[in-house]
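Trainee: Under my numbering, the first residue of the sequence shown is numbered 304, with each subsequent residue one higher. This is the structure I have questions about; it appears just below.
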Amino acid sequence: METEKVKRELRELRYYYSRKEQMDALFRETGETRIPAIVRKYNNAIRLAPVQLYDLYGCLYIRNQTQEAAAIELNYSTEYVRRLNKALLQFFARQNG
């Protein structure tokens, strides 16, 4: 899977988690979209990731933090978080390829 597709799907996943309660209520009302399948795909894939990537995924995509906020929480430099995020995107591209 190409990195651009991973980025698009992760943006959707991040949006879903930022409004999870409302989205889940909407799904019960109208039926699910493809988002729950995307969430399952990435949540299953991340279980195989190194612990730093797993932690970063939680910060950036589940808890909707910025890279700067994640850097503070994880006690990393912002540049290091950017590099880890790039590694995370590459990891997902390999896992979902």
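C-beta: ideal position from N, C-alpha, C; glycine also.
Which runs of the beta strand (DSSP E) spanning at least 3 residues fall entirely within the stretch 334–365, listed in chain order?
Mentor: The stretch 334–365 contains no whole beta strand (DSSP E) run of 3 or more residues.
Trainee: Taking Y357 as the reference, give the member of K310, T369, E305 and L392 with the closest Cα.
Mentor: Selected option, being the one with the closest Cα: L392.
Trainee: Pop quiz: L359 and A373 are said to be a contact at Cβ under 8 Å. What is the actual Cβ separation, rounded to whole angstroms?
Mentor: With 8 Å as the limit, L359 and A373 qualify as a contact, their Cβ atoms being about 6 Å apart.
Trainee: Buried or exposed: which applies to N346, given that a residue is buried once 16 or more other Cβ atoms fall within 10 Å of its Cβ?
Mentor: Label assigned to N346: exposed.
Trainee: Mind checking which residues open and close the alpha helix (DSSP H) that includes R314?
Mentor: R314 -> alpha helix (DSSP H) spans T306 to S321.
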